[in-house]
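So our numbering is basically just the index in the sequence shown, starting at one, shifted up by 8. Ideal Cβ placement from N, Cα and C applies to all residues, glycine included. This report concerns only the one structure given below.
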Amino acid sequence: MKVRRRKKVFPVNFDTSFELAVSEVDTVDVKRFKRKEAENPYTVFFNEVHEYDERFWEHYNFIKPDTPLQEAIKKYSELKY
């Protein structure tokens, strides 16, 4: 990823990565997104600014960045919902 700061001649390069673990997928009564609700497949996400919606994320588990992924998956798989 390149970030160009204002009034700087050269961009600054950053390396980014992320991990994602899916523990449950609900396939019952799945409905297709409306066209206006779906993201354009050609959109470059790092150029987009989206507001954080706390209400959307409130029921999801978060893994702290310093927790190894395998350890976190084991911890959350042992929880009873």
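Proximity test, residue i beta-carbon vs the ligand NAD heavy atom, cut-off 7 Å
i     : result
Phe41 : Ligands displayed in this structure: none; no statement on the ligand NAD is therefore possible.
For residue i, three-class secondary structure by DSSP
i     : result
Phe41 : coil
Glu79 : helix
Glu86 : coil
Glu27 : coil
Glu62 : helix
Rounded straight-line distance, which links the Cα of residue j to that of residue i
i     : j     : result
Glu47 : Glu79 : 32 Å
Lys42 : Glu32 : 23 Å
Asp34 : Lys82 : 20 Å
His67 : Pro76 : 21 Å
Glu45 : Glu86 : 34 Å
Asp37 : Pro49 : 24 Å
Phe51 : Arg63 : The sequence shown places Thr at residue 51, not Phe. Looking at the two C-alpha atoms, the distance is approximately 25 Å.
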